[in-house]
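Single-structure report; data block below.
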Amino acid sequence: MLESLLNPQSIAVIGASRSPDKFGHRVVRNLVDCGFNGTIIPVNPNADSILDLACYPDLKTYGKEIDLSIIVVPAPLVVDAVRESITAGAKAVTVLGAGFKEVGGEGVDRENEIAEMCSNAGVRLLGPNSLGLINTENNLNASVARKMPSRGSISIFSQSGAVCSTIVDWAHGRHLGLAKFASLGNKADLNEIDFLEALAADEQTEVICGYLETISSGDGFVKAAEIAASTKPVIILKVGTTKAGGRAAIKHTGEVNSGSIGYGAAFKRSGVVRADTFGDLLDFATAFGLQPLPDGDRIVIITNAGGPGVMAVDAIDRLGLQMAEPGEASIKLLKGKFPPAAMVGNPIDLIGDAGPDRYVEAVTTLQDDENVDGLIVIMTNQERTQPAETARALKDCLKGEKPLLSVFMGGDEMSPGRDELAALNLPYFISPEQAAKAMKAMVDYSAWRKRPPRVVTRFPVNRRRVERVINRHIKRGHAEITEVQAKEILRAYDFNVPDGGITNNAEDAVEVAERIGYPVAMKIASYDIIHKSDVGGVKLNVANADAVRDTFELMMLRVNRRAPKSRVEGVYVEQMCSPGLEVIIGTRLDPDFGPMLMFGLGGIFVEVMEDVTFYLAPITQEEAMQMLKSTRSYKLLKERHGQAGIDLQAVASGLQRISQLVTDFPQIAELDINPFVVREIGNPPVVVDARMILSVANDNNG
């Protein structure tokens, strides 16, 4: 797919330099020193040779075709250099250095021009503002990196050149091999989607890592990431998700940035392992790159100190992993080999005088236990601790069927052990929390890989009724759909909506109330009033005809005083709903990834705890249930389910119906059903209040 970029036979370096402190020299030096066995063509009109390679004033003088052109000249000269490269037959171009979209003004025009030139010629462009690329498989170091990583199975792309350099340096220090490495720069052409596709098909790559400040195409990213993640882990650190971070990212790469919620939903859908920090990116890359995936979430802790063991237990519990319960045979075997003071259970406390042999006994026994899916081994510096010897012993006893993550806690005294682990290609961590977080990432990804095939249920609905309502609003330029008509739309998608009617005078209100039965709810209906209670526009449990008349008159009076310019349709009189558990379901339109489903419990769980989860539409029944389970308040939901028969499947069904609605009608920018009252099994949940906003500029009929 990117053959000329990753496996070129001939490389021209336009801007090659004899000066060792310049990028143009470093690129040539890296190509030579790292053993690239193709043809290297330095281009510099002021030099006859560079590093014993014949130098040419231009590519026309060279006179032969090239595969890859690396351009290392000042930004104003890049356009001519790209044109020269295309004329010389280059199939790929890498532009190093800054001075393009990220600086604005002429830089934007310059970048657009070279991107258009390459596109018209069918030439792939990496950068500009790139630091180059590395392919260890063919000893290609076409970058300005100071170190060449050893050959390995982890491939990395990064929008930041500095992050690229840092990762290469880190990998070198950890004795961790890399496969391929690309600095994306400004992504004028090649972007994360191209590299996801290429690395998914690359036999050398077993783990894909990325650092991104922006995503070029939401839909394209989700599709490419899901295909890649289906065969190998994809770990992404996405920054700039806060408002301040987004502004910083714009200054860095010149691109507009979206918020965190959409990316989180996109990563969940596509199976991407999300790294929240740079440390997570490195930790996860190490764990995934060096250990097998777990079959489940049952984790055993082996330690030589009680305190760190408790830290690990806390971390495992917070992350939603399970403490494994080793089988009776394992417990009996370990008790027979350990001193009486040792604690055999989980955590396994080997006590402070544990040497390599005790660790080996524990690991050997527990990795064969069918009740254990993964192991976290902790060592602290104590009088008889032997870090290096223990590291070697761990390597020798591992079968490689279950993940083992080591935590060698301490400073200089523990460094020999960590160095030995790195040399032996075993992952190590500084704290129990780091190891537990990496294990959680592996567990979640493993579960995603084993997920059932995605089957999106299609419900029988009345689309024509919804089309009429939406088209009427778009034609009039009304973005806000009132509660009354929002409920009409939801009723068309088979939601349970209380009986009621819009009224324009007190007697009409009484007539509707008499028909549906007391008590009733009365609400102001207006395109302009979003928060009805703020203007006295809501009254519940209205018990009789006189109360209906009084409420109607008082409500209209208050609204006229508090919102005199509002367009009022009337007062909606509605049947009261019997009590139940209040939840919020709805959707938001993300500018990058499209409609996202939303779920949360009502009250403080949303407003104070912000306990809300999002998922990309369309969703399956399994994904709808996963939305419920991913909230912190799911435990309360589950308890209510057991005690009072709360119908969780009904909530999942409601989410699926909203998913179908917003997929059928992409004009819907926002929808809140709040509250959605869920009751006992067999008693359908009720839409108590609803609010909908359209993207009126979108006049697609769905």
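Under the numbering used here, residue 2199 is the last one in the sequence shown; the count climbs by one each step, no gaps. For every residue, glycine included, the Cβ atom is placed at its ideal position computed from N, Cα and C.
Own chain, CB closer than 7 Å to residue i, minus 5 neighbours either side, in chain order
{"i": "L1779", "result": "W1667"}
{"i": "T2117", "result": "R1951, V1952 and V1953"}
{"i": "G1535", "result": "P1505, Q1506, S1507 and I1508"}
{"i": "D1866", "result": "P1823, G1824 and S1827"}
{"i": "K1937", "result": "L1816 and L1818"}
6 Å Cβ shell around residue i - same chain, five flanking residues per side excluded
{"i": "K1677", "result": "N1632 and S1652"}
{"i": "P1913", "result": "P1884 and A1885"}
{"i": "A1838", "result": "I1848"}
Reduced DSSP secondary structure (H/G/I, E/B, other) of residue i
{"i": "L1673", "result": "coil"}
{"i": "D1866", "result": "coil"}
{"i": "G2097", "result": "strand"}
{"i": "I1798", "result": "strand"}
{"i": "D2144", "result": "coil"}
{"i": "L1593", "result": "strand"}
{"i": "P2061", "result": "coil"}
{"i": "E1886", "result": "helix"}
{"i": "K1740", "result": "Residue placement at K1740 is flagged as unreliable, the pLDDT there being 49, under the threshold of 50; the coordinate-derived value follows with that caveat. K1740 falls in the helix class under three-state DSSP."}
{"i": "D1846", "result": "strand"}
{"i": "L1895", "result": "coil"}
{"i": "V2068", "result": "strand"}
{"i": "L1499", "result": "coil"}
{"i": "L1556", "result": "helix"}
{"i": "F2049", "result": "helix"}
{"i": "S1827", "result": "helix"}
{"i": "T1774", "result": "coil"}
{"i": "T1783", "result": "helix"}
{"i": "E1901", "result": "In the sequence as displayed, the identity of residue 1901 is Leu instead of Glu. L1901: strand per DSSP, three-state reduction."}
{"i": "F1835", "result": "coil"}
{"i": "G1535", "result": "coil"}
{"i": "R1515", "result": "coil"}
{"i": "S2233", "result": "What the structure shows of the chain is the stretch from 1498 to 2199, and residue 2233 is not part of that stretch, so it cannot be assessed."}
Beta-carbon contacts of residue i that lie in its chain and below 8 Å, excluding the five residues immediately before and after
{"i": "I2027", "result": "E1977 and R2188"}
{"i": "D1941", "result": "V1770"}
{"i": "E2167", "result": "G2083, T2084, R2085, L2086, R2188, M2189 and I2190"}
{"i": "D1555", "result": "V1540, P1542 and E1581"}
{"i": "S1928", "result": "M1808, V1904 and M1906"}
{"i": "E1608", "result": "F1597, K1598, P1625, N1683 and A1685"}
{"i": "P1805", "result": "I1875, T1877, V1904, M1906 and P1929"}
Between the CA atoms of residue j and residue i - distance to the nearest angstrom
{"i": "M2122", "j": "E2107", "result": "19 Å"}
{"i": "F1926", "j": "R1766", "result": "29 Å"}
{"i": "G1658", "j": "A1595", "result": "11 Å"}
{"i": "S2192", "j": "I2165", "result": "6 Å"}
{"i": "I1747", "j": "E1599", "result": "With a pLDDT of 35 at I1747, under the threshold of 50, the modelled position of that residue is not reliable, and no figure is offered here."}
{"i": "V1770", "j": "D1716", "result": "18 Å"}
{"i": "L2098", "j": "I2081", "result": "6 Å"}
{"i": "I1712", "j": "D1870", "result": "35 Å"}
{"i": "G1737", "j": "I2178", "result": "44 Å"}
{"i": "D1996", "j": "R1969", "result": "23 Å"}
{"i": "F1654", "j": "C1661", "result": "8 Å"}
{"i": "S1582", "j": "I1758", "result": "42 Å"}
{"i": "N1801", "j": "G1907", "result": "13 Å"}
{"i": "L1574", "j": "V1524", "result": "18 Å"}
{"i": "N1626", "j": "A1933", "result": "37 Å"}
{"i": "E1964", "j": "L1987", "result": "12 Å"}
{"i": "W1945", "j": "D1792", "result": "11 Å"}
Residue j beta carbon less than 8 Å from that of residue i
{"i": "D2005", "j": "F1956", "result": "no"}
{"i": "F1764", "j": "V1704", "result": "no"}
{"i": "A1642", "j": "C1706", "result": "no"}
{"i": "K2020", "j": "Y2069", "result": "yes"}
{"i": "N1878", "j": "E1917", "result": "no"}
{"i": "L1734", "j": "F1692", "result": "no"}
{"i": "A2147", "j": "M2073", "result": "no"}
{"i": "A1679", "j": "L1593", "result": "no"}
{"i": "V1576", "j": "I1611", "result": "yes"}
{"i": "N2155", "j": "T2048", "result": "For the sequence presented, residue 2155 should be read as Ile rather than Asn. Not a contact, by the Cβ cut-off of 8 Å."}
{"i": "D2186", "j": "P2172", "result": "yes"}
{"i": "L1548", "j": "V1579", "result": "no"}
{"i": "L2125", "j": "L2094", "result": "no"}
{"i": "C1894", "j": "V1841", "result": "no"}
Contained alpha helix (DSSP H) runs [length at least 4] in the segment 1662-1734, N- to C-terminal order: 1689-1697 and 1715-1726
Entirely enclosed beta strand (DSSP E) segments - the segment 1968-2039, minimum 3 residues: 1997-2000, 2017-2023 and 2035-2039
In chain order, what are the residue ranges of uninterrupted alpha helix (DSSP H) at least 4 long that sit wholly in the segment 1909-1965? 1912-1920 and 1929-1946
What are the uninterrupted segments assigned as beta strand (DSSP E) that are 3 or more residues long and contained completely in the segment 2154-2193, given in chain order? 2165-2175 and 2187-2191
In chain order, which continuous runs of the alpha helix (DSSP H) of length 4 or greater are located wholly inside the segment 1559-1595? 1575-1584
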